[in-house]
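Engineer: This note's numbering puts the first residue of the sequence shown at 228, with every later residue one more than the last. All residues carry an ideal CB built from backbone N, CA and C; glycine is no exception. Mind having a look at this structure? Questions to follow.
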Amino acid sequence: MDDRAVGAGHLVAVLGVGVPLVALGTLDVGTAGSLLTSLPVPAGFPVDQFLAHWWVFPASILFSMIALSSGVSGALFFSPFFILVVGLSPAQAIGAGLMTEVFGMGNGLLNYVRQRVVDYATAKWLLLGAVPSVVVGALAAHYVPTTLLTLAFGVGLLGLGAFLVYYEPPEECVPGEEEGEYLERKRENTDRGETVIQSADGETFRYDVCWRPPGVMLATVGGFVTGLISAGLPEITTTQLIVRCRLPPRVAIATSVFVLAIAALAGAIVHALAATPVWYVVAWSIPGVLIGGTIGTRIGKYLPSDLMERALGVVFVGVGLIVLGSELLV
228 MDDRAVGAGH LVAVLGVGVP LVALGTLDVG TAGSLLTSLP VPAGFPVDQF LAHWWVFPAS
288 ILFSMIALSS GVSGALFFSP FFILVVGLSP AQAIGAGLMT EVFGMGNGLL NYVRQRVVDY
348 ATAKWLLLGA VPSVVVGALA AHYVPTTLLT LAFGVGLLGL GAFLVYYEPP EECVPGEEEG
408 EYLERKRENT DRGETVIQSA DGETFRYDVC WRPPGVMLAT VGGFVTGLIS AGLPEITTTQ
468 LIVRCRLPPR VAIATSVFVL AIAALAGAIV HALAATPVWY VVAWSIPGVL IGGTIGTRIG
528 KYLPSDLMER ALGVVFVGVG LIVLGSELLV
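Here is the structure:
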């Protein structure tokens, strides 16, 4: 095991004791520094820089709560936050956003797997496009000039924000409503069989097997965008599974989360290998999303998801304009 993995393990162990105390103000920064230096922290780890970013922890709890309670990708919050507030470079922010998202979605993924509502047959085809493209996008993020990456990130936020405002929430989409005449004929003329999903709570879902090539192409696009700017795959995947493939929203969302979990993990690994991860930031954000995600999944059922998503779409459009303005007007 290399120094990076050992460092992450030590930090998570330390955070289990020290993070809540620092965040709540019962342990001052000087005392926390003494605590850290008395523990086996890897040589060269920026302890002072780490302690100076304690406020990332409560912010991560808040972002994770909002993301999971509204059903949007948490990376839509973290990457702009890491760039505009923390001051990371776009490549660092995107890598940190993906690493944070991998841990943040753990609760949701485990929940869907336990419910047995993931369409694994569809997911494996989507992964054929998503995983290679997210790896390419993650590598490109470290070689694309910073200015171009920032502009791409801003444009991506505008597009995803407009997407949240324009499209109905997954729970309200009508399966197959935008499939189109050509795909309708393709579905009728090809006997691809039927998928049957039996959930743990006894509900049965039956639907025709979807025509794979368009889904793989869309997953490829979504994966590349996610690797490049850390968001986009779940929005593209969930929508196309419902409106094109006629999957029930519950199955579509669960399948999309499963695909995103594996693709995001691949992208996070590439970012970690391509550059030194900003451990002094993600060591705060990871425990934050674990706590916030637990709270968000419980309060989400009491919030109007359609209003939440549209309001967040407006916020993301505004943040996208700020990102573009900060690069173009300087």
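Indicate whether residue 494 and residue 365 have their beta-carbon atoms separated by less than 8 Å.
Structural biologist: Position 267 of the sequence shown, counted from the first residue, corresponds to residue 494. Position 138 of the sequence shown, counted from the first residue, corresponds to residue 365. Less than 8 Å separates the beta-carbon of residue 494 from that of residue 365.
Engineer: Enumerate in chain order the residues of its own chain whose CB-to-CB distance from residue 250 is below 7 Å, with the five nearest sequence positions on each side excluded.
Structural biologist: Counted from its first residue, the sequence shown places residue 250 at position 23. Note that residue 250 scores a pLDDT of 48, beneath 50, so its modelled location is shaky; the value from the coordinates is reported in the next line. The answer, listed in chain order, is 281, 284 and 285.
Engineer: List the endpoints of the continuous alpha helix (DSSP H) containing residue 485.
Structural biologist: Position 258 of the sequence shown holds residue 485. 476 to 501 is the span of the alpha helix (DSSP H), which, as asked, contains residue 485.
Engineer: Ignoring anything shorter than 3 residues, give me the beta strand (DSSP E) runs that lie fully in the stretch 415 to 476, in order along the chain.
Structural biologist: 421 to 425 and 431 to 435
Engineer: Helix or strand or just coil, what does DSSP make of residue 346?
Structural biologist: Counting from 1 along the sequence shown, the entry for residue 346 is found at position 119. Residue state, collapsed to three classes: coil.
Engineer: I'd like the list of long-range same chain contacts for residue 416, defined as Cβ closer than 8 Å, with 5 residues on each side in sequence excluded.
Structural biologist: The residue given as residue 416 occupies position 189 in the sequence shown. With a pLDDT of 44 at residue 416, under the threshold of 50, the modelled position of that residue is not reliable, and the figure given next carries that caveat. None.
Engineer: Can residue 545 and residue 456 be called in contact, C-beta distance under 8 Å?
Structural biologist: Within the sequence shown, the letter at position 318 stands for residue 545. Within the sequence shown, the letter at position 229 stands for residue 456. Contact: no.
Engineer: Thinking just about the alpha-carbon of each residue, which of 519, 279, 379 and 326 is nearest to the one in residue 503?
Structural biologist: Locating residue 503 in the sequence shown gives position 276, counting from the first residue. With distances taken between Cα atoms, residue 503 lies closest to 326.
Engineer: CB-CB under 6 Å to residue 426, same chain, minus the five flanking residues each way: which ones, in chain order?
Structural biologist: Start at 1 with the first residue of the sequence shown, and residue 426 comes out as number 199. Same-chain partners within the cutoff: 342, 343 and 344.
Engineer: Quick one: residues in its chain with C-beta nearer than 7 Å to the C-beta of residue 240, no 5 flanking neighbours on either side, listed in chain order?
Structural biologist: Your numbering for residue 240 matches position 13 in the sequence shown. Annotation note: pLDDT 41 at residue 240 (below 50); position unreliable, no value reported.
Engineer: For residue 512, which three-state DSSP category applies?
Structural biologist: Here residue 512 corresponds to residue number 285 of the sequence shown, with the count starting at 1. Helix at residue 512.
Engineer: For residue 346, count neighbouring C-beta atoms within 10 Å of its own C-beta (all shown protein chains included) and say buried if the count is 16 or more, exposed if not.
Structural biologist: Translated into positions along the sequence shown, residue 346 becomes position 119. When all chains shown are included, residue 346 counts as buried.
Engineer: Please report the straight-line C-alpha distance between residue 450 and residue 275, rounded to a whole angstrom.
Structural biologist: On the sequence shown, position 223 is the one that residue 450 refers to. On the sequence shown, position 48 is the one that residue 275 refers to. Across the structure, residue 450 and residue 275 are spaced so that their CA atoms are roughly 36 Å apart.
Engineer: How long is the line joining the alpha carbons of residue 324 and residue 355, rounded to whole angstroms?
Structural biologist: Translated into positions along the sequence shown, residue 324 becomes position 97. Translated into positions along the sequence shown, residue 355 becomes position 128. Rounded to the nearest whole angstrom, the C-alpha separation of residue 324 and residue 355 is 23 Å.
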